[in-house]
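Numbering (full-length UniProt numbering), first residue to last: 1 to 245.
Virtual Cβ for every residue (Gly too), placed ideally from N, Cα, C.
To keep things clear, I will list the structure first and then write my remarks on it.
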């Protein structure tokens, strides 16, 4: 106990009060287990931190979880590393196992946001089976619905300053001088993924693999279709309505 007291004394009072208030706020929030589905550029990355903070959820991005499991050398992480080193895809069962481990952590006590999984109907079924064993289920699937043509304009217009990560858009947030960073005057670059050709192949994969997932959850009555072409603030309002119903 003495060690704990000493440790607490080292923490600034403001930080302790902030954490206490956060826990009090979180204690009144309902548990929520959410899946975010949408093509690249649909705004999932903008909305997920807002949802996470509002409902005290943990954000689970499968790519990050896989890397963390490999780095931590967990039994599942070791298996995932072996598959990746052979150039194989990590199996659905392994990914579901890593999600299973992750959602048992204290940070996921109030629930989670899954982003990037499930990508196929088989993965959705395996996820549901795992959650059922824990006596829980997915509460809501937020579908970031948007026209492919709008995505192309959004994504192919993105430019960034590589060393700072500052981003611009030729239409929505242009630099003062075309192709030049406002702060340093250095040239901007376009990421390899932000081209029409790459977007086309990613969208084809999304429509082929992931739209059946939306149908799967629609049959369960838990899909909320968002108008993802709207402004971020308007989409946030739609998300709040979907999660309060």
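Item, Value
"What are the boundary residues of the alpha helix (DSSP H) that residue 128 is part of?", "121-133"
"With DSSP as the reference, label residue 59 as helix, strand or coil.", "strand"
"Taking residue 139 and residue 34 to be in contact with their CB atoms under 8 Å, please state how far apart those CB atoms are, rounded to whole angstroms.", "6 Å"
"So, helix, strand or coil for residue 214, using DSSP?", "helix"
"The alpha helix (DSSP H) that contains residue 115, what's its start and end?", "Unbroken run through residue 115 is the beta strand (DSSP E), 111-115; no alpha helix (DSSP H)."
"Starting from the N-terminal side, write out each stretch of the alpha helix (DSSP H) that is 4 residues or longer and does not extend beyond the stretch 161-227.", "196-205 and 211-218"
"Thinking C-beta only, is residue 141 closer than 7 Å to residue 222?", "yes"
"Mapping the DSSP letters down to three states, classify residue 89 as helix, strand or coil.", "coil"
"Secondary structure at residue 155, three-state DSSP: helix, strand or coil?", "helix"
"In this structure, how does DSSP classify residue 52 when only helix, strand and coil are distinguished?", "helix"
"Grab me the residues of residue 83's own chain with a C-beta within less than 8 Å of its C-beta, minus the 5 sequence neighbours each way, in chain order.", "89, 90, 91 and 94"
"Assuming the contact rule is C-beta atoms closer than 8 Å, residue 41 and residue 154 should be a hit. Round their C-beta distance to whole Å, please.", "5 Å"
"Using CA coordinates, which residue listed in 173, 186, 146 and 25 is at the minimum distance from residue 161?", "186"
"Output the distance between the C-alpha atoms of residue 243 and residue 184, rounded to the nearest integer angstrom.", "42 Å"
"Could you name the residues of the same chain whose beta carbon sits closer than 7 Å to that of residue 181, not counting the 5 residues immediately before and after it, in chain order?", "161, 166, 175 and 188"
"Check whether the stretch 43-55 touches the stretch 66-79, counting contact only when three or more Cβ pairs, one atom from each stretch, lie closer than 8 Å.", "no"
"Going by DSSP, which residues form a beta bridge with residue 140?", "34"
"Can you tell me which of 20, 36 and 193 puts its alpha carbon nearest to the alpha carbon of residue 211?", "36"
"Residues in its own chain within less than 8 Å of residue 101 by CB, not counting five upstream and five downstream?", "69, 74 and 76"
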